[in-house]
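Structure record follows, encoded as structure tokens.
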Amino acid sequence: MTASLHILLNGASAALIIFTASAAVASFFTQSSTARVIASVVLVLATLLIPISTRSVFEWTVSAVGRLSLPGLVLLLALAVSATTGQRIGRSAEFRFAALMLAVAGLVLYPAATGFLNYDTYMLGYSGYLLPSATALMMAYAIFRGYRLMAVVLNVAIAAFLLGIGESRNFWDYVIDPVAWIIGCGTWVAVATGFLLTRIVKPANVLAPSQPSSGIGETPISHRCPPKSSAA
Amino acid sequence: MLTNRSSEALAGWAIALFSAVLIVLLFHKMAPQNAPWTFAINIPDTPVRGALEPSGEVITPTGDHNFVHAASAVETPDGVLAFWYRALYEGAANAEIVSARFDGARWSKPRVVTDSARVSGDIAMTIKSLANPVPFRRSDKEIWLFFAASRLSGWATCEIELVRSLDNGETWGPAERIYASPFLNLSHLTKSTPFLFTDGRIGLPVYQEMNRKFPVLLVLNQDGKVVDRRRIGGGGKVGYQPMIVPTGPSTAIVFVRRLRHASPHKILMSRTDDGGKSWTPPAPIDLPNPSGPISAIRYDASHILMAFNDDPETERNITLALTDLEGKTFRRVGVVARTDNMLKKSNVAYPFLISSASGQYDVVYSRPMGTINHVRVSSAWIEHGAQSPAAQQ
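Here the protein sequences come in this chain order: A and B. Per my numbering, the first sequence starts with residue 206, numbered consecutively. Per my numbering, the second sequence starts with residue 387, numbered consecutively.
The following block contains the structure:
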């Protein structure tokens, strides 16, 4: 029973990663959601059969990734839905906020915990008030803004930590994982790039043609005096 | 009947209330523990007795052409139980953790404790290789065995596993993952002896391998789950394979293997005076180190006995030395293993030292990497060597 649960949980993370990546690639070739889903499922199954060295691509992915955190799984699921249906998930303020929180949390956790800094921020997940305080603030903001999915996911993660359901006894491992961090950072790189393109690059290119002109050296149409109203 | 708007509001309030309760419980669970950390100190009785000559054997059977390395040992009611790992070559797939028993006269044939396939099944994740088994006596009959398991390829992709035996190493339970790192639980390895805190928690010295290399103390609860960890010194490229020896209720010293390309070629040492919560940055001491691990145990009320490679460049010998509890003065006792000058690659590596009985000490080590070897020395030999000027040269 426990072994089956381990296989299911470890496999789910790897399957979702492969499925999402496949759907994203498929979206370049087809607009059909059904076709994208079929292609992604086929690719997931194919990774079970394609061997590299002594194990399948799927097994390599499981060994590399292990088990993702709940927020990471939900974020990945949202990306999978987006990649198959073509919905632009980046337009969701809740998704952007969740991605921002994961990007910031990962920036606090990973460089320090892996030895690039002298202070080990991973310790904060065992005891102390700093991480619960940050979580409480994030939760309050999510509830205030009506980000219910995020609040529910955080609650489930906290409950899992309190009950000691996962393999780790460190709170960090229940709210973030490196895959979620990469998705969070990637989302905000995309958001920032989109912002730069629409607010800075596009207006500069678009200004002149947007003014209808009657010819070179002539006053643009929009700058001509409106005809005098007979009522005035 | 509730309208849509009022049921929405009700759901919102329910989530807020539930969240508030969970946050309060989270604060309660994560409340800082202000109790001091204290080591369980066991000062051994060390009568001067035993043979004045070391005795030794090759543990691994002749004709075994596997790569064997990283031996360790634990005392049992009827002798010594040694562990090591074997594979086709270092880091090869399908590795095995094996054990053999010593009854005082001869070593038994090796028996497989676990292997890559079994560990893969236990943790539902394919494992490539296994290494560095480290035993810990949990009770009179219970032994825990920690070891490193490489998930992808290379030691940097290791995580730590634990198997338990309730019958002094006759049979072993399934492997359990030791969750030690936020980065996909990658890149922590074992090498040195665990120890006890007075509250029953277990200190497991480990090290981070990927990119940065630094020693870490993992604190495990009585179920074997990591409940805290402390870096020994800062981050960065420091050293690895820490060997911690508690010297008082709140004091301990740790010997750290230097990095291969680091200078000077000396053993590094760090100290704690708050039960392991904080450690000084590892600094070189006046003993050479060819980048080999150090093994050490408490010898008596005022000394630590250590086994190390007494050479700055190569693992040409394994020497025993006594040091004071501060780790400031060292007195060499004698050499228990040497390179065979007639053979190529006959270095003597990875010493692991235990006290298997009062006044009796066992060192297991590997010769690259064809055999696992054992040497037994007595407190009489140690005391004699400590008095001998020849041993200091």
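Even for Gly, the Cβ is constructed at its ideal location relative to N, Cα and C.
| Item | Value |
| --- | --- |
| Is there at least one Cβ from chain B nearer than 9 Å to Gly-420 of chain A's Cβ? | With a pLDDT of 44 at Gly-420 of chain A, under the threshold of 50, the predicted position of this residue should be treated as unreliable, and no value is reported. |
| According to DSSP, is Lys-623 of chain B helix, strand or coil? | strand |
| Can you tell me where the alpha helix (DSSP H) with Thr-266 of chain A in it begins and where it stops? | 262 to 270 |
| From the DSSP secondary-structure annotation, give me the bridge partner or partners of Phe-469 of chain B. | B:Ser-458, B:Ser-485 |
| Pairs of beta-carbons, one from the region 343 to 358 of chain A and one from the region 255 to 266 of chain A, closer than 8 Å: are there three or more? | no |
| Using a Cβ-Cβ cutoff of less than 7 Å, which residues in the same chain neighbour Gly-420 of chain A once the five nearest sequence positions on both sides are dropped? | Bear in mind that a pLDDT of 44 at Gly-420 of chain A, under 50, signals an unreliable position, so the number given afterwards is only what the model happens to contain. So the list is empty, once near-sequence residues are dropped. |
| Beta carbon of Gly-442 of chain B, beta carbon of His-760 of chain B: below 9 Å? | yes |
| Can you tell me whether Lys-336 of chain B is buried or exposed, with buried defined as 16 or more other CB within 10 angstroms of its CB? | The question about residue 336 of chain B has no answer here: the residues shown for chain B are numbered 387 through 779. |
| Return the CA-CA distance between Val-406 of chain A and Gly-399 of chain A, expressed in angstroms with no decimal places. | 10 Å |
| Of all the CB atoms in chain A, is at least one closer than 9 Å to the CB of Thr-424 of chain B? | no |
| Please classify Phe-694 of chain B as buried or exposed, where buried requires at least 16 other C-beta atoms within 10 Å of its C-beta. | buried |
| Consult DSSP for Ile-618 of chain B and reduce its assignment to one of helix, strand or coil. | coil |
| In terms of alpha-carbon separation, which member of B:Ala-648, B:Ser-732, B:Pro-568 lies closest to Ala-318 of chain A? | B:Pro-568 |
| For Leu-336 of chain A, return the contacting residues in chain B, with the cut-off set at a CB-CB distance below 9 Å. | Leu-412, Met-416 |
| For Leu-305 of chain A, report the span of its beta strand (DSSP E) as first-last. | From DSSP, Leu-305 of chain A is part of no beta strand (DSSP E) but of the alpha helix (DSSP H) over 298 to 318. |
| Apart from the five residues on each side of it in sequence, which residues of its chain come closer than 7 Å, Cβ to Cβ, to Thr-658 of chain B? | Thr-637, Ala-638, Ser-664, Trp-665 |
| Below 7 Å on C-beta distance, what does Thr-389 of chain B contact in chain A? | By Cβ distance, chain A contributes nothing, its closest Cβ being about 17 Å from Thr-389 of chain B, past 7 Å. |
| Roughly how many whole angstroms lie between the Cα atoms of Ala-347 of chain A and Val-410 of chain B? | 17 Å |
| Do Arg-492 of chain B and Leu-334 of chain B have their beta-carbon atoms positioned less than 9 Å apart in this structure? | Past the edges of chain B, shown from 387 to 779, lies residue 334 of chain B, and the structure says nothing about it. |
| Three Cβ pairs or more, each shorter than 8 Å: is that satisfied between the region 712 to 722 of chain B and the region 544 to 555 of chain B? | no |
| Would Leu-645 of chain B pass as an interface residue toward chain A - the criterion being a Cβ-Cβ separation below 9 Å? | no |
| Taking 9 Å as the threshold (beta carbon to beta carbon), is Arg-353 of chain A in contact with chain B? | yes |
| Per DSSP, what are the beta-bridge partners of Asn-703 of chain B in this structure? | B:Arg-724 |
| Please tell me whether Arg-644 of chain B and His-651 of chain B are closer than 9 Å, where the distance is taken between their beta carbons. | yes |
| Quick one: does Ser-573 of chain B have its CB under 9 Å from some CB of chain A? | yes |
| Go ahead and pull the three-state DSSP assignment for Val-602 of chain B. | strand |
| For Pro-276 of chain A and Ile-212 of chain A, I'd like the C-alpha separation in whole angstroms. | 20 Å |
| Please confirm whether Leu-314 of chain A has its beta-carbon closer than 9 Å to some beta-carbon of chain B. | yes |
| Using 8 Å as the threshold, is the region 458 to 467 of chain B in touch with the region 419 to 435 of chain B, meaning 3 or more CB pairs across them? | no |
| Do Val-434 of chain B and Glu-769 of chain B have their C-beta atoms within less than 9 Å of each other? | yes |
| In the DSSP assignment, find the unbroken alpha helix (DSSP H) run with Gln-746 of chain B in it and report its ends. | Careful: Gln-746 of chain B lies outside any alpha helix (DSSP H), inside the beta strand (DSSP E) at 746 to 753. |
| Whole alpha helix (DSSP H) runs in the region 324 to 359 of chain A with 4 or more residues, listed along the chain? | 335 to 349 |
| Between Pro-496 of chain B and Thr-543 of chain B, which are expected to be in contact by the criterion C-beta below 8 Å, what is the C-beta distance as a whole number of angstroms? | That pair is no contact at about 26 Å. |
| What are the partner residues of Ser-681 of chain B, as DSSP defines its beta bridges? | B:Ala-693 |
| Output the boundary residues of the alpha helix (DSSP H) element that contains Glu-394 of chain B. | 390 to 415 |
| Any idea what DSSP makes of Gly-662 of chain B, helix, strand or coil? | coil |
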